[in-house]
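Novice: One structure, as structure tokens, below. Some questions next.
There are 2 protein chains.
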Amino acid sequence: MNSLNYAVKILKKAGLRCTPGRIEIVSILLDSEHPLSQEEITAELSRNGLDRVTVYRALEAFLKVGIVHRVETGDRLWRYALCACGSRKHCHPHFVCRECGRVECLTGVKLPTFTEPKPGYKVEEQETYLKGICPECAEP
Amino acid sequence: MNSLNYAVKILKKAGLRCTPGRIEIVSILLDSEHPLSQEEITAELSRNGLDRVTVYRALEAFLKVGIVHRVETGDRLWRYALCACGSRKHCHPHFVCRECGRVECLTGVKLPTFTEPKPGYKVEEQETYLKGICPECAEP
DNA sequence: ACAGTAAACGCAAATTTGTTGCGTTTATAT
DNA sequence: ATATAAACGCAACAAATTTGCGTTTACTGT
Ligand SMILES: [Mn+2]
Ligand SMILES: [Mn+2]
Ligand SMILES: [Zn+2]
Ligand SMILES: [Zn+2]
Numbered sequence: 002m003n004s005l006n007y008a009v010k011i012l013k014k015a016g017l018r019c020t021p022g023r024i025e026i027v028s029i030l031l032d033s034e035h036p037l038s039q040e041e042i043t044a045e046l047s048r049n050g051l052d053r054v055t056v057y058r059a060l061e062a063f064l065k066v067g068i069v070h071r072v073e074t075g076d077r078l079w080r081y082a083l084c085a086c087g088s089r090k091h092c093h094p095h096f097v098c099r100e101c102g103r104v105e106c107l108t109g110v111k112l113p114t115f116t117e118p119k120p121g122y123k124v125e126e127q128e129t130y131l132k133g134i135c136p137e138c139a140e141p
Numbered sequence: 002m003n004s005l006n007y008a009v010k011i012l013k014k015a016g017l018r019c020t021p022g023r024i025e026i027v028s029i030l031l032d033s034e035h036p037l038s039q040e041e042i043t044a045e046l047s048r049n050g051l052d053r054v055t056v057y058r059a060l061e062a063f064l065k066v067g068i069v070h071r072v073e074t075g076d077r078l079w080r081y082a083l084c085a086c087g088s089r090k091h092c093h094p095h096f097v098c099r100e101c102g103r104v105e106c107l108t109g110v111k112l113p114t115f116t117e118p119k120p121g122y123k124v125e126e127q128e129t130y131l132k133g134i135c136p137e138c139a140e141p
């Protein structure tokens, strides 16, 4: 199944409307290997694409129903990726390259469990960011 | 030793000038149990406090010499806390309450080690945020 | 197929958070 | 005491995201 058809399926299952714009956003996220910002998504939209505001609102809606997760690396840019785990919660750590800024989902890596780091503190979700140098930016 | 005198010591040791403004910022951070944003710091400054630009520049200088660390919880607000470890790198996870938004340094909790999560990815620093409910926001 | 309705959209303006430029003041070393 | 670079204040700027509001469109049920 191509990513456009799969996008429709994802939206339907989430109870969202299948507008051409939202289908394309989901499909772009499906085809991307790493989390994307609004600007990166807008740049990949076909001609006569969507307004920025519309992209923001779509991503917010996707987050609410849990089909994407939001990656917050501290550069004040929000990036979004489709969830394999079907929840808006993070189920893997993320790698951030200090050289090229690229962000990557470390889907194969387990998160350690912090159930109650201090008495009375209930942990519901965990985010772990590993910052360093990616293979492409490493000295050859 | 009161926090004002201790602040002077910290600034001197870091090679920064001991201006009344910077002494007060360090002292506010010393007295705080949790990381503070520019706005929170400005609010605690004595009358005829500092310009907000000055506070930002002081925090940036503190970060550069490693006397504070910056906490980035994804709400687009940077918060700063004094380092026990004497480095700008994170040496403990942080807790974020989804109810009251309060951020806390979990100084007692060890960070797990991810040396090379994927082949070729060199990790230099790690940030871990635990999100959930703090004791004060938990149902009684 | 058709009408009603709430969701999605586009555009303009606003908001939030942090940055830059530049002239003035001040802490500190000599 | 003086020189000098660091620190400061103010105004303007900048980037990312949000809000308001009127219009369009996808779906639901005839
Ligand atoms: Mn991810
Ligand atoms: Mn901390
Ligand atoms: Zn890189
Ligand atoms: Zn709380």
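Same order as they appear, the protein sequences are chains W and Z.
Here the working numbering is used: the first residue of the first sequence is 2, the next is one more, and so on.
Here the working numbering is used: the first residue of the second sequence is 2, the next is one more, and so on.
The beta carbon of each residue, even a glycine, is placed where N, CA and C say it ideally should be.
(1) Applying the criterion that 16 or more other CB atoms from any shown protein chain within 10 Å of the CB defines a buried residue, is Pro-120/Z buried or exposed?
(2) Does ligand 4 have even one heavy atom less than 8 Å from the beta-carbon of Glu-100/Z?
(3) So is Lys-119/Z in contact with chain W if we call contact Cβ pairs under 9 Å?
(4) Can you pull the chain Z residues whose beta carbon is under 8 Å from the beta carbon of Gly-133/W, in chain order?
(5) Starting from Tyr-57/W, find everything on chain Z with Cβ-Cβ shorter than 7 Å and list it in chain order.
(6) For Glu-108/W, count neighbouring C-beta atoms within 10 Å of its own C-beta (all shown protein chains included) and say buried if the count is 16 or more, exposed if not.
(7) What residue from His-91/W, Glu-128/W and Phe-63/W has the CA that sits closest to Leu-30/W's CA?
(8) Would DSSP call Leu-64/W helix, strand or coil?
(9) Using 8 Å for Cβ pairs, my map puts Tyr-57/Z next to Val-69/Z. What's the rounded Cβ distance?
(10) Any C-beta of chain Z sitting closer than 9 Å to the C-beta of Leu-5/W?
(11) What residues of chain W sit near Ala-139/Z, judged by a beta carbon separation below 8 Å?
(12) Since Trp-79/W and Ser-38/W should fall inside the 8 Å C-beta cutoff, what is the C-beta to C-beta distance between them, to a whole number of angstroms?
(13) Spatial neighbours of Val-124/Z within its chain, please: CB distance less than 8 Å, with the 5 preceding and 5 following residues excluded, ordered by chain position.
(14) Hey, would you say the C-beta of Cys-84/W is under 8 Å away from at least one heavy atom of ligand 2?
(15) Relative to ligand 4, is the shortest distance from any of its heavy atoms to the C-beta of Ile-26/Z smaller than 8 Å?
(16) Just the Cα atoms here: how many angstroms apart are Lys-111/Z and Cys-135/W?
(17) Check the Cβ-Cβ distances between Phe-96/Z and every residue of chain W, and say whether any is below 9 Å.
(18) Counting only C-beta atoms, is Tyr-81/W closer than 9 Å to chain Z at any point?
(19) Kindly indicate which three-state DSSP category Tyr-57/Z falls into: helix, strand or coil?
(20) Could you tell me which residues DSSP puts in a beta bridge with Gln-127/Z?
Specialist: Here's the rundown:
(1) exposed
(2) yes
(3) yes
(4) Tyr-122, Lys-123, Val-124, Glu-125 and Glu-126
(5) Those within 7 Å of Tyr-57/W in chain Z number zero; the least Cβ separation is about 14 Å.
(6) Correcting the residue type first, residue 108/W is Thr in the shown sequence and not Glu. Looking at its Cβ environment, which holds fewer than 16 other Cβ atoms inside 10 Å, Thr-108/W is exposed.
(7) Phe-63/W
(8) helix
(9) With a Cβ gap of about 13 Å, Tyr-57/Z and Val-69/Z do not count as contacting.
(10) no
(11) Gly-121 and Lys-123
(12) 6 Å
(13) Phe-115, Thr-116, Glu-117 and Pro-118
(14) no
(15) no
(16) 25 Å
(17) yes
(18) no
(19) helix
(20) Leu-131/W
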